Amino acid sequence: MCAAGNFLNITIGSCAPCGYGYYQPDTGRTYCLVCASGKTTSSQTATDKTQCFDQCPSGSQLTLVGDCVICEIGTYRKKGKQAVCTPCESGRTTPGEGGKGKEACSLVICPAGKYRVGEDPGKCHDCPLGSYRNQSMDNCTSCGVPATWRTDGEGKTSKDECKFYCPAGWYIKPDAHGEKRCEGCPKNSYKPKDKYYAVKCDPCPNDKPRTAGVNSTAISDCRLGKCKRSSMFHVMVAMLVALRQDVVRIG
1 MCAAGNFLNI TIGSCAPCGY GYYQPDTGRT YCLVCASGKT TSSQTATDKT QCFDQCPSGS
61 QLTLVGDCVI CEIGTYRKKG KQAVCTPCES GRTTPGEGGK GKEACSLVIC PAGKYRVGED
121 PGKCHDCPLG SYRNQSMDNC TSCGVPATWR TDGEGKTSKD ECKFYCPAGW YIKPDAHGEK
181 RCEGCPKNSY KPKDKYYAVK CDPCPNDKPR TAGVNSTAIS DCRLGKCKRS SMFHVMVAML
241 VALRQDVVRI G
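Taken in order, the sequence shown gives residues 1 to 251; the numbers are from the UniProt record's numbering.
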């Protein structure tokens, strides 16, 4: 007959110790009783459930092989209260592994298009212009070089929402390989900053057809300009001078 703390292993036909995490108060049994979840024993021949104890410290849990492992991010365990690592309530997580209690679930999980500010862990903010964040990303990601990539608003969730643009005075012009680049507005044309995706610049109006140079950014840069004096102008001036001299001689 097998003693308490042991059981009859019918496979081998002899007594065997219950093992860690099990106990048996009676003799002659063919099985052992398992300790409550998260508890183990210090002996392989425990005879009472009072010998089961919480071996792992807060922030960790007991495995089936008797080892303590750290609670994963988004879970917590307080020794003597939770048997296993417990998930945080919906919409919240922990700053890292090893949460030691419910209070460790201090961070809000931000939806796509939003991010969490370090000094304000309980609030989500929209990703700024020119960036995006999908649910799998830790932080908002820049679309690219800020001077040539932007979004139409804040809180974007995908790289597909990033658009190539050119600043005021420049327009989008694909190169020979189809890659977009910015080209400066030629003289006598302009492009304001709100026409981000324009593929050409606006010509100056007929009554103010000229600009002082290239890369003009507003219609106010268009002027009347100066007229060039023709050769006929100089001929007329010469004729007037000669006529005046004749009048003087006659007088």
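Cβ coordinates follow ideal geometry from the N, Cα and C atoms, glycine included.
Remember, it's a predicted structure, so these values are computed and weren't measured experimentally.
Taken in chain order, the region 23-61 contains no complete beta strand (DSSP E) segment of 3 residues or longer. Per DSSP, residue 184 is one residue of the beta strand (DSSP E) stretching across 180-184. At a Cβ-Cβ threshold of 8 angstroms, residue 56 and residue 62 count as neighbours.
203 is the residue among 203, 33, 105 whose C-alpha sits nearest the C-alpha of residue 186.
Pairwise C-beta distances place the region 19-26 in contact with the region 44-59, as three or more of them are shorter than 8 angstroms. Here residue 6 is buried: its Cβ has 16 or more other Cβ atoms, across all protein chains shown, within 10 Å.
Assigned with DSSP and collapsed to three states, residue 16 falls in strand.
Judged by DSSP in its simplified three-state form, residue 156 adopts strand. In this structure, residue 68 sits near residue 60, with a CB-CB distance shorter than 8 angstroms. Nearest to residue 85 by alpha-carbon distance, out of 140, 11, 75, is 75. Residue 214 and residue 188 have their alpha carbons spaced roughly 8 angstroms apart. Between the C-alpha atoms of residue 178 and residue 163 there is a straight-line separation of about 15 angstroms. Counting every other CB atom within 10 Å of its CB across the protein chains shown gives residue 212 a total below 16, marking it as exposed.
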